[in-house]
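Enquirer: Let me begin by handing over the structure; questions about it come next.
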Amino acid sequence: MEDVYQADSDVHVLPVSLPVGPDGVLTINAFLLDAQEPVLVDTGIGNDSDQFIDAVDAIVGLKNLRWLWLTHDDADHTGSVRRILEAAPHVRLVTHALSAIRMSSWWPVPLDRVHAIRAGDRLHVGDRTLRAVMPPLFDNPMSIGLLDESTGNLFTVDSFGALLPEATQDAAEVPQDALAGGMLAWSLMDSPWSSLVDRAKFADVLDGVRRLRPSRIFSSHLPAASGTSLDRFLDVLKAAPDATPPPAPSHEEFTAMVAGMQADLEAAVPT
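Take 1 as the starting number for the sequence shown in full-length UniProt numbering and just add one per residue.
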């Protein structure tokens, strides 16, 4: 795990960056919302669980953590979910009902600690209310994002992710052409069905996101971004139905990706 950073007064980002192809990286974020009843959003990829658990404990204290909002049950979001539930005795798991049931097939999810959520539901966490929202694009139909109604911060799950030239803590630092190209590439790779959608219906979905008028955007696969970027981000997604999804990596490309990941892991180990 890379250095935790504070992207807003009450939002801490717990990031990891993985190489994708020869010239790009993909950010994988979890978030910690320092509310009156602290909320962890997702739990990373799992190979850094010790660091992840220590970071959460250092920021809010595991004994104080009350909610774990799991946006969906994909591996890059659930890496430390079991360990968090074991280490944080008061935390409840907020997720789509089917995510909780599906995870139960590979580990003993404490279903009595699950708070099932669906789009439109609201969760009160002491000093604020979180509204469950559907992201405009997703790779898992159980995906549930959230809007902090007290701050306007919008957590968009995999939507607005991007393959970037290098890791950064602020989307504004990425050149606009690189950001738009990387966002479209990620959208087509992560949600290839977007090239098949009815354009008018998809435009209605994007307009619904626009009406949320977020103050900041927190994507699981993008550095934190100002809400003023929303229209530009939506324009990129709007182009998805007219684009062609890229082919899956070849064996040679996969081998290069694995080599890059191994090199990054070795470089991160202290000597």
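Don't be surprised by glycine CBs; every beta carbon is placed ideally from N, CA and C.
In this text the structure is predicted, and so the values were computed from the model without any measurement.
Which ranges would you report for the beta strand (DSSP E) in the region 29 to 111 if only whole runs of at least 3 residues count?
Expert: 39 to 41, 67 to 69, 92 to 95
Enquirer: Distance, Cα to Cα, Lys-238 vs Met-183?
Expert: Position 238 of the sequence shown, counted from the start, is the residue given in the question as residue 238. Position 183 of the sequence shown, counted from the start, is the residue given in the question as residue 183. Taking the straight line joining both Cα atoms gives about 11 Å.
Enquirer: Would you identify the three-state DSSP class for Asp-148, choosing helix, strand or coil?
Expert: Locating residue 148 in the sequence shown gives position 148, counting from the first residue. Strand, per DSSP.
Enquirer: Using the rule of at least 16 other Cβ atoms within 10 Å of the residue's Cβ for burial, across every protein chain shown, is Arg-92 buried or exposed?
Expert: Here residue 92 refers to the residue found at position 92 when the sequence shown is read from its first residue. Label assigned to Arg-92: buried.
Enquirer: Would you mind listing the alpha helix (DSSP H) stretches within the region 136 to 216 that are 4+ residues and don't spill past its ends, in chain order?
Expert: 176 to 190, 199 to 210
Enquirer: If you compare alpha carbons, which of Thr-43, His-72, Ser-187 is closest to Arg-83?
Expert: The sequence position of residue 83 within the sequence shown is 83, counting from 1. Checked all of Thr-43, His-72, Ser-187; the closest Cα to Arg-83 is Thr-43.
Enquirer: On a Cα-Cα basis, can you pick out the residue from His-72, Gln-36, Ser-49 that is closest to Asn-64?
Expert: Taking the sequence shown and counting its residues from 1, one reaches residue 64 at position 64. Closest by alpha carbon: Gln-36.
Enquirer: Look at the Cβ atom of Trp-67, then the Cβ atom of Val-109, and state whether they are nearer than 9 Å.
Expert: As a first step, residue 67 must be located in the sequence shown, where it is residue number 67. As a first step, residue 109 must be located in the sequence shown, where it is residue number 109. Not closer than 9 Å, so no.
Enquirer: Pick out whichever of Asn-29, Ser-220, Asp-8 has its Cα sitting closest to the Cα of Ser-159.
Expert: Within the sequence shown, numbered from 1, the residue matching residue 159 stands at position 159. Minimum Cα distance to Ser-159 is reached at Ser-220.
Enquirer: List the residues that DSSP assigns as beta-bridge partners of Val-13.
Expert: Counting from one through the sequence shown, the residue named residue 13 turns up at place 13. For Val-13, which the question treats as bridged, DSSP gives the partners Tyr-5, Phe-31.
Enquirer: Under 7 Å Cβ to Cβ from Leu-62, same chain only, skipping five residues before and after it: list those, please.
Expert: For the purposes of this step, residue 62 is taken as residue 62 along the sequence shown, with counting starting at 1. These residues qualify, in order along the chain: Val-56, Ala-87, Ala-88.
Enquirer: With the cut-off set at 9 Å, would you say Asn-153 and Arg-216 are in Cβ contact?
Expert: Taking the first residue of the sequence shown as position 1, residue 153 is located at position 153. Taking the first residue of the sequence shown as position 1, residue 216 is located at position 216. Going by C-beta atoms, Asn-153 is nearer than 9 Å to Arg-216.
Enquirer: Within 10 angstroms of its Cβ, does Leu-147 collect 16 or more other Cβ (buried), or is it exposed?
Expert: Position 147 of the sequence shown, counted from the first residue, corresponds to residue 147. Looking at its Cβ environment, which holds 16 or more other Cβ atoms inside 10 Å, Leu-147 is buried.
Enquirer: Under a three-way DSSP split, which group does Pro-245 fall into?
Expert: Translated into positions along the sequence shown, residue 245 becomes position 245. Three-state DSSP puts Pro-245 in coil, outside helix and strand.
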